[in-house]
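>
Protein chains: 2
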Amino acid sequence: MCRQQSILQEGFLLYQNDKHHFTRNHNGIINMGTSENKLCYDLLSKRLMQADMLHMDPALLEYPDWKGHSFLREEVASFLTEYCKAPSPLEAENVVVMNGCSSLFSSIAAVTCDPGDAILVPTPFYGAIREDVALYSGVRLVHTHLDCQPGGGDDRPFLLTVEKLEKSMEQAKAEGVRVRAVIFVNPHNPLGEIYSAEEMTAFLEFAKRNELHAIVDEVYMLSVFDESASFQSVLSFDRLPDVQRTHVMWGMSKDFAAAGLRMGVVYSQNQDFVLALAQLAFCHGIPGPSQHQVAQLLRDRDWVSREFLPQNRARMEAAHRYVSGALRGLGIPYLHRSSGFYIWADFRKALSEQSFLAERKLWQCFIRHKVLVSPGEAFSCATPGWFRIIFTDQEERLQLGMQRLRKALEELGRVSGQGAENGDEKAGLQSTADEAEPKRDGHGPLRPPPPSPPALPPHWLMRISSHWTSRPLSPPLAPPWTL
Amino acid sequence: MCRQQSILQEGFLLYQNDKHHFTRNHNGIINMGTSENKLCYDLLSKRLMQADMLHMDPALLEYPDWKGHSFLREEVASFLTEYCKAPSPLEAENVVVMNGCSSLFSSIAAVTCDPGDAILVPTPFYGAIREDVALYSGVRLVHTHLDCQPGGGDDRPFLLTVEKLEKSMEQAKAEGVRVRAVIFVNPHNPLGEIYSAEEMTAFLEFAKRNELHAIVDEVYMLSVFDESASFQSVLSFDRLPDVQRTHVMWGMSKDFAAAGLRMGVVYSQNQDFVLALAQLAFCHGIPGPSQHQVAQLLRDRDWVSREFLPQNRARMEAAHRYVSGALRGLGIPYLHRSSGFYIWADFRKALSEQSFLAERKLWQCFIRHKVLVSPGEAFSCATPGWFRIIFTDQEERLQLGMQRLRKALEELGRVSGQGAENGDEKAGLQSTADEAEPKRDGHGPLRPPPPSPPALPPHWLMRISSHWTSRPLSPPLAPPWTL
Numbered sequence: 001m002c003r004q005q006s007i008l009q010e011g012f013l014l015y016q017n018d019k020h021h022f023t024r025n026h027n028g029i030i031n032m033g034t035s036e037n038k039l040c041y042d043l044l045s046k047r048l049m050q051a052d053m054l055h056m057d058p059a060l061l062e063y064p065d066w067k068g069h070s071f072l073r074e075e076v077a078s079f080l081t082e083y084c085k086a087p088s089p090l091e092a093e094n095v096v097v098m099n100g101c102s103s104l105f106s107s108i109a110a111v112t113c114d115p116g117d118a119i120l121v122p123t124p125f126y127g128a129i130r131e132d133v134a135l136y137s138g139v140r141l142v143h144t145h146l147d148c149q150p151g152g153g154d155d156r157p158f159l160l161t162v163e164k165l166e167k168s169m170e171q172a173k174a175e176g177v178r179v180r181a182v183i184f185v186n187p188h189n190p191l192g193e194i195y196s197a198e199e200m201t202a203f204l205e206f207a208k209r210n211e212l213h214a215i216v217d218e219v220y221m222l223s224v225f226d227e228s229a230s231f232q233s234v235l236s237f238d239r240l241p242d243v244q245r246t247h248v249m250w251g252m253s254k255d256f257a258a259a260g261l262r263m264g265v266v267y268s269q270n271q272d273f274v275l276a277l278a279q280l281a282f283c284h285g286i287p288g289p290s291q292h293q294v295a296q297l298l299r300d301r302d303w304v305s306r307e308f309l310p311q312n313r314a315r316m317e318a319a320h321r322y323v324s325g326a327l328r329g330l331g332i333p334y335l336h337r338s339s340g341f342y343i344w345a346d347f348r349k350a351l352s353e354q355s356f357l358a359e360r361k362l363w364q365c366f367i368r369h370k371v372l373v374s375p376g377e378a379f380s381c382a383t384p385g386w387f388r389i390i391f392t393d394q395e396e397r398l399q400l401g402m403q404r405l406r407k408a409l410e411e412l413g414r415v416s417g418q419g420a421e422n423g424d425e426k427a428g429l430q431s432t433a434d435e436a437e438p439k440r441d442g443h444g445p446l447r448p449p450p451p452s453p454p455a456l457p458p459h460w461l462m463r464i465s466s467h468w469t470s471r472p473l474s475p476p477l478a479p480p481w482t483l
Numbered sequence: 001m002c003r004q005q006s007i008l009q010e011g012f013l014l015y016q017n018d019k020h021h022f023t024r025n026h027n028g029i030i031n032m033g034t035s036e037n038k039l040c041y042d043l044l045s046k047r048l049m050q051a052d053m054l055h056m057d058p059a060l061l062e063y064p065d066w067k068g069h070s071f072l073r074e075e076v077a078s079f080l081t082e083y084c085k086a087p088s089p090l091e092a093e094n095v096v097v098m099n100g101c102s103s104l105f106s107s108i109a110a111v112t113c114d115p116g117d118a119i120l121v122p123t124p125f126y127g128a129i130r131e132d133v134a135l136y137s138g139v140r141l142v143h144t145h146l147d148c149q150p151g152g153g154d155d156r157p158f159l160l161t162v163e164k165l166e167k168s169m170e171q172a173k174a175e176g177v178r179v180r181a182v183i184f185v186n187p188h189n190p191l192g193e194i195y196s197a198e199e200m201t202a203f204l205e206f207a208k209r210n211e212l213h214a215i216v217d218e219v220y221m222l223s224v225f226d227e228s229a230s231f232q233s234v235l236s237f238d239r240l241p242d243v244q245r246t247h248v249m250w251g252m253s254k255d256f257a258a259a260g261l262r263m264g265v266v267y268s269q270n271q272d273f274v275l276a277l278a279q280l281a282f283c284h285g286i287p288g289p290s291q292h293q294v295a296q297l298l299r300d301r302d303w304v305s306r307e308f309l310p311q312n313r314a315r316m317e318a319a320h321r322y323v324s325g326a327l328r329g330l331g332i333p334y335l336h337r338s339s340g341f342y343i344w345a346d347f348r349k350a351l352s353e354q355s356f357l358a359e360r361k362l363w364q365c366f367i368r369h370k371v372l373v374s375p376g377e378a379f380s381c382a383t384p385g386w387f388r389i390i391f392t393d394q395e396e397r398l399q400l401g402m403q404r405l406r407k408a409l410e411e412l413g414r415v416s417g418q419g420a421e422n423g424d425e426k427a428g429l430q431s432t433a434d435e436a437e438p439k440r441d442g443h444g445p446l447r448p449p450p451p452s453p454p455a456l457p458p459h460w461l462m463r464i465s466s467h468w469t470s471r472p473l474s475p476p477l478a479p480p481w482t483l
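Those sequence lines, one after another, are chains H and A.
Here the first sequence is numbered in the UniProt record's numbering, starting from 1 and rising by one per residue.
Here the second sequence is numbered in the UniProt record's numbering, starting from 1 and rising by one per residue.
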């Protein structure tokens with residue numbers, strides 16, 4: 001079997017072999033490419049070190065129910081009932097737990113499709129899904145490409161509409177491709193878009209009309225860091241258009257900032273689907289003691305609701321404020337959203353030409369400057385030049401990462417003194433422009449992140465536009481919808 | 001994708017839905033079908049509840065090196081160096097860790113074969129491998145069938161020889177099947193056979209001659225319960241015939257009696273192989289905290305060598321003595337071996353006819369009597385009537401399981417008062433023939449197993465034959481090599 005390495009994998013491996021560390025490897029790669037939240041180690045470590053985490057029971061050492069121990073599935077059902085605001089209690093028998101959402105995507109593709117079938121996905125999309133769905137049975141993706149230019153009555157760039165979905169379905173049919181499912185990621189990765197209940201209902205109606213399984217990926221549902229933004233899980237809906245074909249994914253990697261715990265779940269009322277997944281789950285099991293730990297985390301609502309979630313949101317908002325401000329300082333336009341760990345940013349002005357080859361070269365240039373971000377090609381974005389920047393990291397690393405991005409752009413002559421018109425913003429970056437180690441002690445990863453949001457100029461809180469912010473200055477590639 | 005449920009899976013699911021419990025579900029299924037060691041919960045629980053198991057580090061909560069954290073791979077290399085008696089230190093870079101050996105078999109098949117290729121396996125073999133290797137790329141198995149009748153100079157039933165391997169290779173070639181690898185399980189499952197260093201060297205030479213990857217599964221290497229038996233890991237060899245094509249598997253499920261910890265490893269000096277596996281490992285990752293726990297277990301040599309291994313062996317030997325004695329009491333011949341969790345037993349005399357349909361019916365009859373064992377068909381045994389009986393369980397459950405087997409056979413008229421000639425053995429079974437709850441309190445699974453081997457009549461220690469034991473009495477289907 002030959003398996004091609006994706007750009008995301010390539011970047012992750014480069015980082016793995018040369019991780020930045022403030023004392024041990026200061027010239028290592030700063031990872032602003034992998035979607036992880038590194039803001040809450042202190043909270044998680046403290047909770048995971050409590051005595052209730054150490055528990056043993058013979059069942060934890062035996063071969064488990066492959067779809068997850070019943071105690072964990074019950075806890076997941078109860079947790080989702082509360083945090084998704086389900087109209088009636090969700091049930092453990094509808095829950096399947098696997099070691100991460102990649103395993104779930106692989107298995108869901110295998111049980112909903114035959115080899116050669118396809119799954120529809122609005123694009124740009126989280127690119128790792130391509131390898132996931134291909135893994136077991138060669139399922140491929142069909143794209144609904146979203147345009148970065150708003151137009152035709154759209155007021156949002158990359159707007160997803162039912163019309164666009166229908167059009168790509170028609171095209172797939174015309175090409176003889178059998179589409180069996182559609183993936184909706186909400187909040188969206190990499191766009192950060194939150195689809196409203198009305199939008200999601202319309203998308204699910206589309207799926208029903210076309211007899212598609214709707215795979216609704218809500219792994220960022222609790223990672224909405226702006227209180228004015230509103231997210232509604234489809235599990236909160238009183239009625240789902242096609243309940244037997246709607247399968248909702250969630251996990252610990254994003255909303256609990258714990259990718260290392262390796263736990264993804266899917267909720268589906270379709271028992272055939274659940275049983276089919278259970279048959280593939282023997283290769284995706286989670287150790288019993290870890291299942292206990294995750295159940296304990298989910299059970300501790302007091303800690304989740306009063307400590308972890310509010311602090312996580314505050315830290316995310318501060319970090320987002322910092323990186324978005326730094327991007328404005330660089331004159332890089334970006335999509336201003338309130339969820340996820342990332343900012344979808346428009347580096348088109350930094351390309352030598354408008355091609356994916358040039359995008360790849362820019363990505364390599366960033367890596368030479370020891371900062372990893374993810375190029376739009378990895379998300380199958382139709383337009384070259386977009387990058388996903390992860391902002392959920394400690395202040396010092398974000399500073400260093402943004403300095404390195406600036407240096408790379410300066411080397412290319414794509415940013416200059418006039419790179420930001422706002423004097424304060426420029427000053428904000430200038431204050432950290434020296435790549436020397438920030439004057440703090442104990443920068444190792446074991447050190448908890450700063451307890452309060454980093455002090456940033458208050459005007460960075462300001463929304464410049466509901467969708468876009470920053471004024472790209474030179475070269476004159478500013479899209480018309482920026483300021 | 002359509003995936004057929006195997007007999008082993010079917011049995012396991014039946015058990016999962018109706019588990020025996022002494023107080024909560026006394027009429028539930030006794031599982032003597034799934035290869036687990038339930039003799040050491042007390043030792044493991046005590047060790048896994050020690051404070052060093054509770055540890056946190058940011059890296060444990062991040063996306064890991066998919067082939068395992070380096071601290072764990074280093075510990076595995078060091079452990080295998082010592083317990084396999086490697087002539088020089090094994091290296092962490094040659095180790096890949098995944099969530100269990102099924103994941104490893106799936107991934108190894110995918111990286112050594114193209115779709116449609118085949119892997120050779122001496123048969124009977126651990127049947128789950130069939131589904132494992134088919135999972136990713138439709139790899140199938142080619143069998144070297146071993147005959148239950150010794151003959152042609154053989155003195156061991158089911159004897160594996162190079163001649164038989166060569167013959168099946170020739171046959172595969174003649175049929176246009178491309179064989180890319182061969183699996184050697186040592187100690188063998190389900191036979192319990194231990195292949196000597198000379199035999200293994202000859203098998204590896206065969207693999208080299210035929211340019212086959214040799215997948216050497218040594219997951220039972222520390223589960224040899226008779227001190228007079230000698231096992232040698234191929235990792236102890238001064239020279240391997242084809243070092244780049246030899247890959248050794250091991251894990252925690254069997255030798256650490258901890259299938260629930262979900263950890264399998266493969267050791268290979270072929271770096272292309274290691275890198276290829278690493279690319280598939282994103283779907284088979286283990287939670288960081290579990291990796292820490294396993295590393296702590298492996299690191300604690302004092303506990304492993306002075307406490308766990310000797311006690312485990314003593315308990316295994318006692319349990320083996322009990323079940324083999326009970327089989328003798330039933331007049332069921334079996335292969336007398338000194339490793340593994342199972343006894344490979346010959347129930348041919350209990351079949352209504354010599355067919356796999358009759359074998360399946362007997363299996364179903366056992367299940368109706370609420371005892372799960374594994375029929376030979378699940379291991380692709382060429383001759384119907386053989387069953388694998390797991391003996392590594394607590395005394396009370398073994399007693400109940402053997403009573404239920406006896407009742408099933410009695411119902412079929414395949415065992416009677418004259419079922420055992422040895423009065424003491426018969427008395428031994430008679431003493432537990434009443435299926436009422438044994439007169440002990442606290443039979444729940446949380447209760448630790450008895451601290452010392454169960455008191456069994458001393459003559460049960462006796463080896464009746466080096467290969468076979470028991471005298472099958474009636475009906476007269478006794479194979480000629482029994483007593």
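Cβ atoms here follow ideal geometry from the backbone N, Cα and C, with glycine treated the same way.
Classify Lys167(A): buried if its beta carbon has 16 or more other beta carbons within 10 angstroms, exposed otherwise.
exposed
> Starting from the beta carbon of Pro64(A), find every residue of chain H whose beta carbon is closer than 7 Å, and list them in chain order.
Result: Gly260.
> Cβ of Glu36(H) less than 8 Å from any chain A Cβ?
yes
> Are the CB atoms of Phe341(H) and Glu10(H) within a distance shorter than 8 Å?
no
> Output needed in chain order: residues of the stretch 282–293 of chain A with a Cβ under 8 Å from some Cβ in chain H.
Phe282, Cys283, His284, Gly285, Ile286, Pro287, Gly288, Pro289, Ser290 and Gln293
> Which residues in the same chain have their Cβ closer than 6 Å to the Cβ of Asp242(H), if we skip the five residues on either side of it in sequence?
Lys208
> Can you pull out the residues from the stretch 87–105 of chain A whose beta carbon lies closer than 8 Å to at least one beta carbon of chain H?
Asn99, Gly100, Ser102 and Ser103
> Measuring only the C-alpha atoms, how far is His55(H) from Glu75(H)?
16 Å
> If I'm right that Leu351(H) touches Trp344(H) with Cβ under 8 Å, what's the distance once you round it to whole angstroms?
16 Å between Cβ atoms; not a contact.
> Taking Cβ positions, are Ser338(H) and Phe225(H) nearer each other than 8 Å?
yes
> By alpha-carbon positions, which one of Glu205(A), Leu165(A), Val177(A) and Gln232(A) ends up nearest to Ser196(A)?
Nearest C-alpha to Ser196(A): Gln232(A).
> So, with DSSP's three-state summary, where would you put His320(H)?
helix
> To the nearest angstrom, how far is it from the Cα of Gln403(A) to the Cα of Ala326(A)?
9 Å
> Anything in the stretch 39–53 of chain H with a Cβ closer than 7 Å to a Cβ of chain A? List those residues in chain order, please.
So the close ones are Tyr41, Leu44, Ser45, Leu48, Met49 and Met53.
> Select from the stretch 128–144 of chain A all residues with a C-beta closer than 7 Å to any C-beta belonging to chain H, and list them in chain order.
Leu135, Tyr136 and Ser137
> Taking CB distances under 8 Å as the criterion, tell me whether Asn16(H) reaches chain A.
Checking the sequence, you will find Gln at residue 16(H) rather than Asn. Nearest CB-CB separation between Gln16(H) and chain A: below the 8 Å threshold.
> At the level of alpha carbons, what is the spacing between Leu398(A) and Val142(H)?
Straight-line Cα distance between these residues: approximately 55 Å.
> Use the C-beta contact count for Gln291(H): other C-beta atoms within 10 angstroms, 16 or more gives buried, fewer gives exposed.
buried
> Provide the residue span of the beta strand (DSSP E) that contains Gly249(A), from first to last.
Strictly speaking, residue 249(A) in this sequence is Met, with Gly absent from that position. Segment Thr246 to Gly251, the beta strand (DSSP E) holding Met249(A).
> Expressed to the nearest angstrom, what Euclidean distance is found between the alpha-carbon atoms of Trp250(A) and Ile215(A)?
11 Å
> Nearest chain A C-beta to Pro58(H) closer than 8 Å, yes or no?
Yes, its Cβ sits closer than 8 Å to a Cβ of chain A.
> Under three-state DSSP, which class holds Pro64(A)?
In the structure shown, Pro64(A) sits in coil (DSSP, three-state: anything other than H, G, I, E or B).
> Can you tell me where the alpha helix (DSSP H) holding Ala134(A) begins and where it ends?
Ala128 to Ser137
> Pop quiz: Ser253(H) and Cys283(A) are said to be a contact at Cβ under 8 Å. What is the actual Cβ separation, rounded to whole angstroms?
Between Cys283(A) and Ser253(H) the Cβ distance is about 14 Å, and since that is not below 8 Å, they are no contact.
> Starting from the C-beta of Glu62(A), find all residues in its chain whose C-beta is less than 8 Å away, skip the five residues before and the five after it, and write them out in chain order.
Gly288
> Express the C-alpha separation of Cys365(A) and Ser223(A) in angstroms, rounding to a whole number.
Ser223(A) and Cys365(A) have their C-alpha atoms spaced approximately 31 Å apart.
> 8 Å is my cut-off, CB to CB: does Leu61(A) come that close to chain H?
yes
> Can you give the Cα-Cα distance for Ile367(A) and Leu405(A), rounded to whole angstroms?
Ile367(A) and Leu405(A): Cα-Cα distance of roughly 9 Å.
> Alpha carbon to alpha carbon, how far is Gln244(H) from Leu44(A)? Give it in angstroms, no decimals.
43 Å
> For Leu277(H) versus Val182(H), is the C-beta distance shorter than 8 Å?
no
> Looking at C-alpha atoms only, which residue of Lys407(H), Val373(H) and Trp386(H) is the closest neighbour of Asn31(H)?
Val373(H)
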